[in-house]
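For reference, the structure is listed below as structure tokens.
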Amino acid sequence: MLRQYSKFKALGFCLRFHTCPSMKTRQRLDYTNKLILAPMVRVGTLPMRLLALEMGADIVYTEELVDLKLIKSIRRLNPALGTVDFVDPSDGTIVFRTCAEETSQLVLQMGTSDATRALAVGKLLQRDISGLDINMGCPKEFSIKGGMGAALLAEPDKAALILRTLCSNLDIPVTCKIRILPDVDATIELVKKLAATGIAAIGIHARTRDERPQHRPHPDVLRAVAQAVSIPIIANGGSRDMHKYEDLRSFQRECGAASVMVARAAQLNVSIFRPEGLLPMDDVIDKYLRLCVDYDNAPHNTKYCVQSILRELQETPRGKRFLQCQTLQQICEIWHLGDYCRRKQKELKTLGNSGRADVEPPEAQAKRRKLEAAANAITDEYTNVICRNMPFLRSTYPNSDHLPKTLLYVHAGREGKTAPAYETQQCDKLFRAICTFDGQRYSSTFWEKNKKQAEQGAALVALLSLGRLEEEPLRENGSLLN
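Under the numbering used here, think of the first position of the sequence shown as 3, with each following residue one higher.
Here's what the structure looks like:
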């Protein structure tokens with residue numbers, strides 16, 4: 003959780019990272035009888051990894067990070083968040099963020115096709131992780147074209163060279179993750195070749211390169227492989243039959259594997275790692291959002307993960323309101339964490355860098371200052387304005403005659419009052435509006451995608467405040483599921 007660092011505490015943070023046990027003395031990661039969060043693009047970021055550990059996972063993998071992106075990043079301590087950030091110096095974006103709470107259980111998965119480049123990245127990262135995994139199974143076109151992922155299955159000599167180079171020169175255990183080949187004997191021979199490089203374990207997805215989640219996995223192949231080699235086999239690919247904790251262990255036994263790695267089942271509900279049973283969906287989202295706030299997670303990444311948890315509930319009124327969200331604050335409002343988010347963001351601002359690592363090019367700094375100035379100006383404009391967090395959802399108004407602006411305009415005419423007027427502010431491609439009517443100003447705190455929707459939201463707040471609409475069907479913050 004976000005720490006209340008003073009300047010002295012921030013200094014203590016830096017000392018803690020520089021005086022932590024060396025890699026030589028760090029306990030070596032063990033891959034036997036472990037429950038593991040699989041590497042998943044856009045899912046395996048810091049908040050989800052920390053939540054998986056809280057729920058009972060023994061090891062967590064990052065999403066696949068490409069060597070070319072990592073190798074040019076700059077390592078920076080972020081005392082405001084208590085994290086280590088690897089930052090792209092060209093635009094200041096976070097390539098990889100981690101913290102001490104996960105270091106001893108963290109494996110970074112890297113996409114690479116070059117042994118020398120992979121080693122350079124490994125040396126850059128190894129003080130902040132406990133294991134390095136090479137992706138040799140991803141069938142995505144991006145990976146294949148770059149000679150990474152499943153493309154390495156067709157070049158076993160190159161794959162072995164990469165692993166051997168890393169194992170011989172890094173102080174942390176190295177693993178790889180592959181898919182099975184169409185032939186069982188060929189799969190066994192490949193695994194033997196890779197195991198001979200000195201890797202600590204091998205993750206195996208129980209499908210071939212061309213098979214997808216709708217295809218049944220092949221646990222019998224993993225069982226044959228596990229019997230043929232001595233290194234730990236980590237079984238992956240059984241999520242379609244994983245609905246509770248016991249199913250994870252069942253798949254592990256079926257594959258004869260040392261450990262089990264969970265992807266989609268954990269993406270849908272990460273509490274599947276809990277021996278005590280699954281938590282309700284809203285409890286999982288609440289815990290996840292708090293971590294996203296604590297570690298300043300990117301809104302688009304947060305939104306993607308919550309969408310995965312909601313699944314078909316995205317079509318409910320609350321789900322539709324959620325889909326309109328553009329900021330972390332907006333998402334938090336829907337789960338009644340708006341005050342928590344505002345408080346944490348205020349704390350970050352008092353620490354000086356608002357959670358950003360101190361690596362920003364001049365252009366990014368100028369843009370950020372401009373946006374912050376615009377946000378402050380908007381805040382000043384909202385003095386003495388009646389505000390409510392009320393998003394405008396166009397799909398709930400099939401009849402254009404019943405749009406909030408139209409209803410408020412008609413009400414003004416009936417009452418013999420001046421028609422409402424609107425003023426709109428823009429900040430970073432998002433909009434808020436103030437509706438002035440009968441001497442009072444109204445606004446929705448929900449940032450909208452365009453000027454028209456912002457004005458409709460302000461009119462909606464005015465109608466509710468004037469008692470011209472019933473509150474119950476709208477329910478602020480999308481508190482109803484149905």
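Don't be surprised by glycine CBs; every beta carbon is placed ideally from N, CA and C. Quantities reported herein were computed from a predicted structural model and do not represent experimental measurements.
Here's a check: name, in chain order, each residue in its chain whose Cβ is nearer than 6 Å to the Cβ of T85, leaving out the five neighbours to either side.
So the qualifying residues of the chain are R99, C101.
Applying the criterion that 16 or more other CB atoms from any shown protein chain within 10 Å of the CB defines a buried residue, is K9 buried or exposed?
Caution applies to K9, whose pLDDT of 34 falls short of 50 and renders its modelled position unreliable; the value that the coordinates give is listed next. K9 should be labelled exposed.
Using three-state DSSP, classify Y297 as helix, strand or coil.
Here Y297 sits in coil by DSSP.
Roughly how many angstroms lie between the CA atoms of K351 and L165, to the nearest whole one?
Taking the straight line joining both Cα atoms gives about 43 Å.
For I388, which beta-bridge partners are listed by DSSP?
Its beta-bridge partners are Y444.
Let me confirm a value: V264 is counted as buried when at least 16 other C-beta atoms fall within 10 Å, else exposed. Which label applies?
Under this definition V264 is a buried residue.
Short of 7 Å in beta carbon distance, which residues of its chain neighbour A122, apart from the five on each side in sequence? Order them along the chain.
Excluding residues within five positions, the ones whose Cβ falls inside 7 Å are I73.
What is the DSSP secondary structure of I336, counted as helix, strand or coil?
The answer is helix: DSSP assigns I336 an H, G or I state.
List the residues that DSSP assigns as beta-bridge partners of G205.
According to DSSP, which records beta bridges pairwise, G205 is partnered with K179, I236.
At what residue ranges does the region 139 to 184 contain a whole run of the alpha helix (DSSP H), taking only runs of 4 or more?
Listed in chain order, they are 143 to 147, 158 to 171.
With 16 other CB atoms within 10 Å as the buried threshold, where does D296 fall?
It is buried - the Cβ of D296 has at least 16 other Cβ atoms within 10 Å.
Would you report the Cα separation of A12 and I235, rounded to the nearest angstrom?
Confidence is the limiting factor: at A12 the pLDDT is only 37, short of 50, which leaves the residue's position unreliable and the question unanswerable from this model.
Keeping to the same chain, check which residues put their C-beta closer than 7 Å to that of K510; ignore five residues upstream and five downstream.
Residue 510 lies beyond the residue range present for the chain, which begins at 3 and ends at 484; the question has no answer from this structure.
With Q254 as the anchor, note down where its alpha helix (DSSP H) starts and where it stops.
247 to 257 is the span of the alpha helix (DSSP H), which, as asked, contains Q254.
Suppose the cutoff is 8 Å on Cβ atoms and the five residues either side in sequence are ignored; what does the same chain contact list for P422 look like?
Closer than 8 Å at the Cβ level, and outside the excluded window around P422, lie K407, L410, Y411, A414, C437, T438, F439, A461, A464.
Determine the direct distance from the alpha carbon of D69 to that of L126, and round the result to whole angstroms.
Answer to the nearest angstrom: the Cα atoms are 11 Å apart.
Taking Cβ positions, are A202 and Y33 nearer each other than 8 Å?
Yes.
Tell me, to the nearest whole angstrom, how far the beta carbon of I136 is from that of A120; I am working on the premise that it is less than 8 Å.
Going by Cβ atoms, the distance from I136 to A120 rounds to 7 Å, so yes, they are a contact pair.
Taking DSSP as the reference, what is the three-state secondary structure of I131?
Coil, per DSSP.
With a threshold of 16 other CB atoms inside 10 Å of the CB of Q189, please say whether the residue is buried or exposed.
Residue identity differs from the one stated: residue 189 is Thr in this sequence, not Gln. Counting Cβ neighbours within 10 Å, T189 comes out buried, since at least 16 surround it.
Taking the alpha-carbon positions, what's the I174 to E103 distance?
Spanning the two alpha carbons is a distance of roughly 18 Å.
Could you give the DSSP three-state label for M244: helix, strand or coil?
Correct three-state label for M244: coil.
Would K160 pass as a contact of G151 if the rule is Cβ separation under 8 Å?
Taking 8 Å as the Cβ cut-off, K160 and G151 do not qualify as a contacting pair.
To the nearest angstrom, how far is it from the Cα of L192 to the Cα of R78?
The alpha-carbon atoms of L192 and R78 are separated by roughly 39 Å.
In angstroms, rounded to a whole number, what distance separates the CA positions of L280 and K246?
Taking the straight line from one Cα to the other gives about 7 Å.
Since A423 sits in a beta bridge, which residues does DSSP pair it with?
BP columns for A423 point to T438.
Please name the residue or residues paired with Q428 in a DSSP beta bridge.
BP columns for Q428 point to F433.
So is H404 buried or exposed if we call it buried at 16+ other beta carbons inside 10 Å?
Exposed, since its Cβ has fewer than 16 Cβ neighbours within 10 Å.
Looking only at its own chain, which residues have a Cβ that is under 6 Å from the Cβ of F88, when we skip the five neighbours before and after it?
Closer than 6 Å at Cβ, skipping near neighbours: S75, R77, V97, F98.
Less than 8 Å between the C-beta atoms of P49 and N299, yes or no?
Yes, Cβ-Cβ distance for P49 and N299 is below 8 Å.
Assign L466 to one of three DSSP states: helix, strand, or coil.
If DSSP states are grouped into helix, strand and coil, L466 belongs with the helices.
Using the rule of at least 16 other Cβ atoms within 10 Å of the residue's Cβ for burial, across every protein chain shown, is F324 buried or exposed?
With 16 or more other Cβ atoms within 10 Å, it is buried.
Consider the Cβ of E278: report whether some Cβ of chain B lies at a distance smaller than 8 Å.
Note that chain B does not occur in the displayed structure, where there is just one protein chain.
Put N303 into one of helix, strand or coil per three-state DSSP.
N303 falls in the helix class under three-state DSSP.
Looking at the structure shown, is L53 part of a helix, part of a strand, or coil, going by DSSP?
DSSP places L53 in helix when its eight states are reduced to three.
What are the start and end residues of the alpha helix (DSSP H) that includes T34?
Per DSSP, T34 belongs to no alpha helix (DSSP H) and is neither H nor E.
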